[in-house]
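Notes for the one structure printed next.
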Amino acid sequence: MRILVIGSGGREHALVWKFAQSAHTLFAAPGNGGTQREGAINTPIAADDIDGLVAFARKEKMDLVVPGQELTLTLGIADRLRVEGIPCFGPDAFGARIEGSKAFAKEIMARAGVPTARHAVFSDANAAVDHIRANNAPLVVKADGLAAGKGVVVARTTMQAIEAVNALMGAVGNRVLIEECLEGEEVSLLCFCDGRVTAPLPSAQDHKTAWDNDEGPNTGGMGAYSPAPVLSDADLESMTDCFIRPILKELSTAGHPFVGVLYAGIMLTSEGPKTLEYNARFGDPECQPLLMRIQGDLARIMLDCVNGCLDPASVVYSAQTALGVVLAAKGYPNAYSKGLTITGIDRAEAATGVKVFHGGTILRDAALFSNGGRVLCVTALGDSLRQAHKAAYAALEKINMPDGFYRKDIGMKGIRRLEQK
1 MRILVIGSGG
11 REHALVWKFA
21 QSAHTLFAAP
31 GNGGTQREGA
41 INTPIAADDI
51 DGLVAFARKE
61 KMDLVVPGQE
71 LTLTLGIADR
81 LRVEGIPCFG
91 PDAFGARIEG
101 SKAFAKEIMA
111 RAGVPTARHA
121 VFSDANAAVD
131 HIRANNAPLV
141 VKADGLAAGK
151 GVVVARTTMQ
161 AIEAVNALMG
171 AVGNRVLIEE
181 CLEGEEVSLL
191 CFCDGRVTAP
201 LPSAQDHKTA
211 WDNDEGPNTG
221 GMGAYSPAPV
231 LSDADLESMT
241 DCFIRPILKE
251 LSTAGHPFVG
261 VLYAGIMLTS
271 EGPKTLEYNA
281 RFGDPECQPL
291 LMRIQGDLAR
301 IMLDCVNGCL
311 DPASVVYSAQ
321 TALGVVLAAK
331 GYPNAYSKGL
341 TITGIDRAEA
351 ATGVKVFHGG
361 TILRDAALFS
371 NGGRVLCVTA
381 LGDSLRQAHK
391 AAYAALEKIN
401 MPDGFYRKDI
411 GMKGIRRLEQ
421 K
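Residues 1 to 421 in UniProt numbering are what the sequence shown lists, from first letter to last.
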């Protein structure tokens with residue numbers, strides 16, 4: 001097949017890498033240094049240039065288009081491509097609002113009966129501040145719109161919550177949600193969906209904060225691993241029944257069957273599991289370890305979803321564990337430098353079961369440079385979580401990028417849980 005992957009991050013590199021294993025002809029828009037190394041043809045069309053992307057897919061006669069980024073989906077790429085008769089693995093703009101608007105997602109959850117945090121929505125900053133003062137911290141303040149994983153603030157004090165409202169309102173849309181702060185361990189549940197049938201992927205756990213011990217500002221994700229011991233394969237179906245299928249039914253009832261990957265971020269609280277958020281595409285960096293484990297032709301699974309004939313039995317994955325650690329530029333998720341020289345990736349990938357996925361990179365004259373905040377995701381397979389952890393960090397030590405940093409504790413919660421059994 002001729003496949004176009006839209007985006008420029010580690011998730012998009014992982015998708016291109018997986019598709020390349022089945023010898024498809026690949027294009028990436030705009031792509032990065034990693035997609036180029038996999039043999040994809042990078043084309044300089046931005047992920048939000050819907051007219052340009054549709055024209056390119058039509059001209060190049062694409063058999064499948066896979067948007068990686070949420071913005072592309074919320075802008076309606078799937079709607080436009082379906083009018084053209086070009087298969088697109090992703091929901092229409094209505095379905096993508098499950099991620100594009102936190103308030104919309106809460107409305108869908110309420111109608112579907114999905115458990116989630118108590119919350120209130122505000123378009124007036126003074127009213128939001130009054131609500132904060134009337135409730136006890138900790139509270140979670142969320143921008144209603146898209147914020148590249150950085151529109152959530154866990155406020156431990158009243159003043160932090162007020163500052164978050166002032167920072168997010170106006171900077172990211174004009175509405176905020178204020179939620180109770182759920183305590184527990186987080187897990188990611190992603191499912192392939194064809195509008196009617198769904199097939200859960202193995203569980204994963206992301207690490208959102210910038211620094212060790214879950215401290216520091218929220219990021220797009222500093223590392224992930226799969227499976228997560230807190231959600232075993234035996235429990236995938238029951239969790240899908242609780243958090244995925246009711247949402248699919250509600251969207252279908254609204255006349256918008258969801259096609260693509262539906263991702264539920266779930267907090268396992270003392271009162272039971274509750275939804276934190278939904279995404280309408282693969283997570284980054286969860287995508288990288290998940291695709292290391294998935295076996296077979298991923299493009300065929302996606303095309304079956306688009307055509308409404310998904311067979312859950314076709315979703316097969318390795319029994320091994322995969323773990324990925326993000327190497328970021330110093331200063332991320334705030335201001336950071338670009339153009340940092342990167343070396344040592346070939347040495348890192350010489351180890352069995354190791355793959356280095358590129359996030360913010362660019363190739364210039366065969367040399368590799370940083371071009372974003374989350375630069376690489378060093379991912380490794382192992383027969384256990386500890387082995388995958390050891391292999392990923394050993395590979396990471398072989399890579400050199402000045403002014404880079406990474407968390408040292410990716411996967412440690414899972415390792416401790418397994419070793420306490």
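No residue lacks a Cβ here, since even glycine has one placed at the ideal position from N, Cα and C.
None of these values were measured; they are calculated from a predicted model.
In terms of Cα proximity to Pro285, the closest of Val5, Val315, Phe357, Ala78 is Phe357.
No Cβ-Cβ contact shorter than 8 Å links Val354 with Ala322. Taking 8 Å as the cut-off, the beta carbon of Val326 is found closer than this to the beta carbon of Gly223.
In this structure, Glu38 lies away from Val54, with their beta-carbon atoms at least 8 Å apart.
Inclusion of Ser226 and Pro202 in the CB contact set at 8 Å is warranted, their separation being smaller than that value.
CA-CA distance, Arg386 to Asp63, rounds to 40 Å. Distance from Met267 to Leu182 at the Cβ level is roughly 4 Å; contact confirmed, criterion being Cβ atoms closer than 8 Å. The alpha helix (DSSP H) runs of length 4 or more contained entirely in the region 10-77 are, from start to end of the chain, 10-20, 33-37, 50-59, 70-74. Ranking Arg97, Lys59, Asn213 by CA distance to the CA of Glu84 puts Lys59 first. For Tyr225, the secondary structure class from DSSP, reduced to helix, strand or coil, is strand.
Here the alpha carbons of Gly382 and Ala388 stand approximately 4 Å from one another.
Classified as buried, Ser188 has 16 or more neighbouring CB atoms from the shown chains inside 10 Å of its CB. Annotation: Asp311 to Asp304 spans about 8 Å, alpha carbon to alpha carbon. In this structure, Leu340 sits near Phe369, with a CB-CB distance shorter than 8 Å.
Counted as a single uninterrupted DSSP element, the beta strand (DSSP E) harbouring Tyr278 occupies residues 272-279. Where Glu186 is concerned, the enclosing beta strand (DSSP E) starts and stops at 185-194.
Comparing C-alpha distances from Lys18 to each of Val152, Gly184, Val66, Ala47 shows the shortest one belongs to Val66. For the pair Leu251 and Phe258, the CB atoms are nearer than the 8 Å cut-off.
For Phe369, the uninterrupted beta strand (DSSP E) run begins and ends at 367-370, by DSSP.
DSSP, reduced to helix, strand and coil, places Gln205 within a strand of the structure shown.
If you look at Val165, you'll find it isn't in any beta strand (DSSP E); it sits in the alpha helix (DSSP H) that goes 158-168. Segment contact: the region 73-83 against the region 94-101, three or more CB-CB distances shorter than 8 Å; contact assigned.
Per DSSP, the beta-bridge partners of Val325 are Gly223, Val378.
Per the coordinates, the alpha-carbon of Ser8 lies some 22 Å from the alpha-carbon of Arg407.
For Val129, the uninterrupted alpha helix (DSSP H) run begins and ends at 125-134, by DSSP. Across the structure, Thr198 and Asp403 are spaced so that their CA atoms are roughly 43 Å apart. For Ile50, same chain residues with a beta-carbon under 8 Å away, outside a window of 5 residues either side, are Thr72, Leu75, Gly76, Ile77, Arg80 in chain order. In its chain, beyond the 5 residues on either side, Ile132, Arg133, Ala137 have a beta carbon closer than 7 Å to the beta carbon of Thr158. Out of Ser270, Asp233, Tyr336, Asp297, the CA that lies nearest to the CA of Ser314 is found in Asp297.
Rounded to whole angstroms, Ile301 and Phe56 show a C-alpha spacing of 23 Å. Following the DSSP letters along the chain, one finds His389 in no beta strand (DSSP E) but inside the alpha helix (DSSP H) bounded by residues 385-396. 8 Å or more divides the Cβ of Gly184 from the Cβ of Ser101. With a threshold of 16 other beta carbon atoms within 10 Å, Gly283 meets it and is buried.
For Gly216, the three-state secondary structure derived from DSSP is strand. The Cβ-Cβ distance between Ile178 and Ala125 does not fall below 8 Å. Under the three-state reduction of DSSP, Lys355 is assigned to strand.
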